[in-house]
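For reference, the structure is listed below as structure tokens.
Number of protein chains: 2
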Amino acid sequence: MKTLKRIAVDMDGVLADTDSHFLTWYYNAYGVQIPYEQLVGKPEGEGFPDKGAAHKFAFTPGFFRSLPVMPGAVEVITELMKDYEIYIVSAAMEFPQSLPEKHAWLQEHFPFISWHNIVFCGDKSVINADYMIDDHPKNLDKFKGVAIMFNAAHNANINHHQRVNSWTDVLALLKSLN
Amino acid sequence: MKTLKRIAVDMDGVLADTDSHFLTWYYNAYGVQIPYEQLVGKPEGEGFPDKGAAHKFAFTPGFFRSLPVMPGAVEVITELMKDYEIYIVSAAMEFPQSLPEKHAWLQEHFPFISWHNIVFCGDKSVINADYMIDDHPKNLDKFKGVAIMFNAAHNANINHHQRVNSWTDVLALLKSLN
Chain A
1 MKTLKRIAVD MDGVLADTDS HFLTWYYNAY GVQIPYEQLV GKPEGEGFPD KGAAHKFAFT
61 PGFFRSLPVM PGAVEVITEL MKDYEIYIVS AAMEFPQSLP EKHAWLQEHF PFISWHNIVF
121 CGDKSVINAD YMIDDHPKNL DKFKGVAIMF NAAHNANINH HQRVNSWTDV LALLKSLN
Chain B
1001 MKTLKRIAVD MDGVLADTDS HFLTWYYNAY GVQIPYEQLV GKPEGEGFPD KGAAHKFAFT
1061 PGFFRSLPVM PGAVEVITEL MKDYEIYIVS AAMEFPQSLP EKHAWLQEHF PFISWHNIVF
1121 CGDKSVINAD YMIDDHPKNL DKFKGVAIMF NAAHNANINH HQRVNSWTDV LALLKSLN
């Protein structure tokens, strides 16, 4: 039996479009529509006039449950599952109220992912996989396998990891590597 | 800086005394006091007259939140944290209602464990550590590091892993190995 290579896939900013959700929640809470460009190149949350807002949203019930799915994520994950072991690996432990929300979100949008393949953790250095797709350099920096950085406003100026701009890019990159 | 070796520590049956909790819950639900000896050497749940009871309890709200702490666990984990990186790794994903309960349980009994060091997963083959302390052979079988099997009624007849009978044993074994 062929052993499949394993990909650890992040949730926030990768399976879920966290940047656009922050903009929506900011508008709903403050009545101000911040343009995406204002977040680009700044640490998460720092692009908003109220710099504590994003952190507050991340602790607000409902925030993680209502995240929009990243375009193409469902289709490409479905495709990749034919050739790879897909593990969803989310640093959920900082926001404990997110645990049931993230589980329910996966059940709704990715019901074909088995509970065997879901990991909610704190520090991702404990994860053993061949590839890691993540938007946070801190998670990729310690990873022993092939690191793939999913584009997000906060990582725009980070250039020491292979960047992908979309799920279409992920599929193309993995095809080119194998 | 010295890099500490990492120990992945299971919750149910290792940090928490799951066998005695099953016996208590069985008594409360059925009015029958099953002796511990009746569980020994049988797969989890199979030692009870109603073989579906343990599985049902594991899906009942409150079961994981009310588990008793395994004797010595707090003291030995505290001691081990001086020389090792301790990660709590629980296969919680099969019982999603257990996610917030397990988090609250750890907050109550092991408040000195950082959220960085907690992992709730499905399959533990995704875990990268030097040692794994677990009562389930299925988790230890796939582990690449040193496997340590914590004694439990269900694993009494499994002999292909190093067995420890208590947290005192864990401390003595790790001292003997290093």
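Keeping their order, the protein sequence lines are chains A and B.
In terms of the working numbering, the first sequence opens at residue 1 and continues consecutively.
In terms of the working numbering, the second sequence opens at residue 1001 and continues consecutively.
Just so you know, even glycine gets a beta-carbon here, dropped at the ideal spot from N, CA and C.
Less than 7 Å between C-beta atoms, sequence neighbours within five positions excluded: which residues of the same chain meet that for residue i?
i	result
E44 (chain A)	A54, H154
A156 (chain A)	V40, G41
W1105 (chain B)	F1064, R1065, L1067
G72 (chain A)	S166, W167, T168
P1152 (chain B)	Reading the sequence as shown, one finds Ala at residue 1152 (chain B) and not Pro. Here the set comprises G1013, D1019, D1135.
Check residue i in the structure and name its three-state DSSP category.
i	result
F1022 (chain B)	helix
A1129 (chain B)	coil
Please work out which residues of its chain come closer than 8 Å, Cβ to Cβ, to residue i, disregarding the five sequence neighbours upstream and downstream, and give them in chain order.
i	result
M81 (chain A)	F112
I34 (chain A)	L23, Y26, Y27, G47, F48, P49
V76 (chain A)	W167, T168, V170, L171
N139 (chain A)	D10, A91, K124, M132
P137 (chain A)	M149, N155, I158, H160, H161
S66 (chain A)	H21
L173 (chain A)	I148, Q162, V164
V32 (chain A)	Y26, P49
T1078 (chain B)	F1112
F95 (chain A)	A58, F59, F64
V1074 (chain B)	H1109, F1110
Once the 5 residues before and after residue i are set aside, which same chain residues still bring their CB inside 6 Å of it?
i	result
H160 (chain A)	none
D1130 (chain B)	K1005, R1006, G1145
Y1184 (chain B)	The structure shown does not extend to residue 1184 (chain B), since chain B spans only 1001 to 1178, so no value can be given for it.
A1029 (chain B)	none
D1012 (chain B)	T1018
H109 (chain A)	V69
List the endpoints of the continuous beta strand (DSSP E) containing residue i.
i	result
K5 (chain A)	5 to 9
V119 (chain A)	118 to 120
Between residue i and the ligand MG, is there a pair consisting of the residue's CB and a ligand heavy atom that are separated by less than 8 Å?
i	result
G72 (chain A)	Ligands displayed in this structure: none; no statement on the ligand MG is therefore possible.
*Let me know the alpha helix (DSSP H) ranges lying completely inside the region 135 to 177 of chain A, each 4 residues or longer, listed in chain order.*
Taken in chain order, the unbroken stretches of alpha helix (DSSP H) that lie wholly in the region 135 to 177 of chain A and span 4 residues or more are 137 to 141, 167 to 177.
*Entirely within the region 1033 to 1097 of chain B and at least 4 residues each: give me those alpha helix (DSSP H) ranges in chain order.*
1053 to 1058, 1073 to 1080
_At least three beta-carbon pairs within less than 8 Å, the region 1079 to 1090 of chain B to the region 1116 to 1130 of chain B_ = yes
*Do the region 58 to 73 of chain A and the region 6 to 24 of chain A touch if we need at least three Cβ pairs shorter than 8 Å?*
yes
_Assess contact between the region 162 to 169 of chain A and the region 1130 to 1144 of chain B, defined as three or more Cβ pairs (one per stretch) separated by less than 8 Å. Is contact present?_
no
*Count the CB pairs spanning the region 1096 to 1103 of chain B and the region 1124 to 1132 of chain B that are closer than 8 Å, and state whether there are at least three.*
no
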